[in-house]
Amino acid sequence: MPTTTAALPALDNAWAIPIFGLSAKVRAAVAPLVEDDGVWEAAEAGQATIRTGYAAADRTASAGQYAAHLLRLRAIDRVDRGRAEPWTLALATATTAINSWDWDTRMQAALDLRRTFKNVPDDEHDDAVRQTRLVSAWLTHAGNRQLIPSTAHLAGYALDHTPLTPTALAAAWYATHGPRLLLELSARGSASSEVLLRQAVRGVDAARILSRTETSDHAGVTSTLIDAWLGRGTPDAGAV
2 MPTTTAALPA
12 LDNAWAIPIF
22 GLSAKVRAAV
32 APLVEDDGVW
42 EAAEAGQATI
52 RTGYAAADRT
62 ASAGQYAAHL
72 LRLRAIDRVD
82 RGRAEPWTLA
92 LATATTAINS
102 WDWDTRMQAA
112 LDLRRTFKNV
122 PDDEHDDAVR
132 QTRLVSAWLT
142 HAGNRQLIPS
152 TAHLAGYALD
162 HTPLTPTALA
172 AAWYATHGPR
182 LLLELSARGS
192 ASSEVLLRQA
202 VRGVDAARIL
212 SRTETSDHAG
222 VTSTLIDAWL
232 GRGTPDAGAV
């Protein structure tokens, strides 16, 4: 007889507190500016289905990605400030693996991240090495019971060691769900509010997850209009 979600055990408190705590903070930082007819929820609901042996697997998946993206964004900031150590640069560019639930993709990225710091003595692991190590460990799991404690550890670290500003938290949400949100809004065509599409484009841009061309393709609008919405130019007439 197949196992149902209702039959799955709840997360232990030691895991649930950081996982649900981070999820609540991230979701609180993101809200559509106008009535969205459920599009934001639809983007979240599009999270890949994974099996962990516990209830709330989808929320666990998202929480891990939120945490990993918060650390990735910290790494990007560090690189932007001229601190491009190999482990920092590797984490800053690990976007694809963080958003993937393909085991091969995740494991390869985990090995690539680990390779950057494996020769650094343990007593020399600073915060930059530590956050790359944690993301690397989390990436070695893709839908099994060990994903739970790894996600809880990663989420707890993100809660304690990242600036939990509304901007950073929102960026983590858009990094995780933003591409799906753009596709949802684009699919609705004229029924979708330009206000919402502009908000989503700005959120995805802040998340540092898609190129300008990719954002344009996902949103179904021209790059010229994307630039205008981001304050980088003025759209030509009929640019949509």
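The numbering of the sequence shown is this note's numbering, which starts it at 2 and goes up by one. Ideal Cβ positions, reconstructed from N, Cα and C, are used throughout, including at glycine.
From the options, residue whose alpha carbon lies closest to that of residue i
i, options, result
"R209", "W16, L140, A171, A8", "A171"
"D113", "D81, A95, E36", "A95"
"D127", "T216, W88, A69, V31", "W88"
"S194", "S24, P33, A25, R28", "P33"
"L135", "A69, S217, N100, T166", "A69"
"S24", "G232, L165, R199", "L165"
Neighbourhood of residue i by C-beta, 7 Å cutoff - its chain only, sequence neighbours within 5 removed
i, result
"A98", "T106, R107, A110, L140"
"A57", "L12"
"L71", "A159, T163, A169, A173"
"I77", "A93, R209"
"F118", "W88, V130, T133, R134"
Contacting residues, own chain, Cβ-Cβ under 6 Å from residue i (five flanking each side not counted)
i, result
"E185", "V40, A43, A44"
"A153", "W16, P19, I20"
"A8", "none"
"T5", "With a pLDDT of 49 at T5, under the threshold of 50, the predicted position of this residue should be treated as unreliable, though the coordinate-derived value follows. Cβ within range, chain order: n/a, list empty."
"A49", "W102"
"A85", "none"
"A62", "Q48, I51"
Inter-residue spacing [alpha-carbon to alpha-carbon] between residue i and residue j
i, j, result
"Y67", "I18", "15 Å"
"D38", "R52", "29 Å"
"T163", "T214", "30 Å"
"V121", "L90", "16 Å"
"I149", "T225", "43 Å"
"D59", "W104", "17 Å"
"V35", "D161", "32 Å"
"A188", "D123", "49 Å"
"L155", "D81", "23 Å"
"L74", "T177", "12 Å"
"Y55", "P10", "5 Å"
"V130", "G190", "44 Å"
"T216", "R233", "14 Å"
"R79", "I227", "27 Å"
CB of residue i within 9 Å of CB of residue j, strictly
i, j, result
"Y158", "G204", "no"
"G65", "S151", "yes"
"L197", "H219", "no"
Own chain, CB closer than 8 Å to residue i, minus 5 neighbours either side, in chain order
i, result
"G179", "A44, A201, G204, V205, A208, I210, L211"
"N14", "none"
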